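Asker:
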Amino acid sequence: MNIQRGLFRLWLVMSLFWVIGVGVVGSGYIKSDKWWKGDEWWEKDPLAFLPVRCEDARGTVNVDYEKLDAFEPWNQYRTPSTACYFTIEKLRAPFPEYKDQSREEISRKLYDRIGWAPAFDGDRYEHTKIVSAVATIPPLLLLIIGGLIGWALAGFKSSAKTS
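Numbering (our numbering), first residue to last: 170 to 332.
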């Protein structure tokens with residue numbers, strides 16, 4: 170009987186059950202992450218809008234842009250506390266100076282212009298990373314510890330073979 174092979178197989182089976190169990194329990198958390206929600210989330214998210222000072226806004230209210238209070242709580246207490254919000258598509262036509270810039274560059278410039286602290290989109294994989302770590306780190310630690318114990322115990326075997 171080979172104890173090392175048997176313990177490795179036991180570790181393999183238990184690790185598989187562990188990963189599946191963590192995946193089942195953590196699936197709700199993973200589904201709450203932004204990457205899981207897809208494009209629908211981005212279209213409905215307030216961070217999809219870009220703030221422009223209302224005195225600089227070009228276009229028609231409620232058609233090209235909407236005048237709203239700041240989405241971020243830390244910007245609601247600044248002056249101005251409201252802005253005219255454009256989507257990236259509706260911003261590029263009346264503001265040709267932004268046509269060749271990325272969304273991030275435009276957002277940074279507009280937030281600087283209005284005097285607000287930029288919005289933080291957050292980590293799109295926040296819960297996924299935690300669930301992945303909980304699923305993989307314990308089995309890997311157990312494998313390393315078991316391997317080290319097996320290696321240490323193998324040093325006590327007698328090297329002489331009796332027949």
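Every residue, glycine too, gets a C-beta built ideally from N, C-alpha and C.
Remember, predicted model here, so these are calculated numbers, not experimental data.
(1) From which residue to which residue does the alpha helix (DSSP H) around Glu258 run?
(2) With Pro220 as the anchor, note down where its alpha helix (DSSP H) starts and where it stops.
(3) Going by other Cβ atoms of all chains shown within 10 Å of its Cβ, with 16 needed for buried, is Ile189 buried or exposed?
(4) List the residues that DSSP assigns as beta-bridge partners of Ala252.
(5) For Gly192, collect the residues of the same chain with a Cβ closer than 7 Å to its Cβ; drop the 5 residues on either side in sequence, then sort them by chain order.
(6) Just the C-alpha distance for Pro308 and Asp281, rounded to the nearest angstrom, thanks.
(7) Whose CA, out of Gln245, Phe240, Ala286 and Asp233, lies closest to the CA of Arg261?
(8) Could you give the DSSP three-state label for Val303: helix, strand or coil?
Answerer: Result, derived from the coordinates:
(1) Ile257 to Arg261
(2) Unbroken run through Pro220 is the beta strand (DSSP E), Phe218 to Val221; no alpha helix (DSSP H).
(3) exposed
(4) Leu237
(5) Ala304
(6) 47 Å
(7) Asp233
(8) helix
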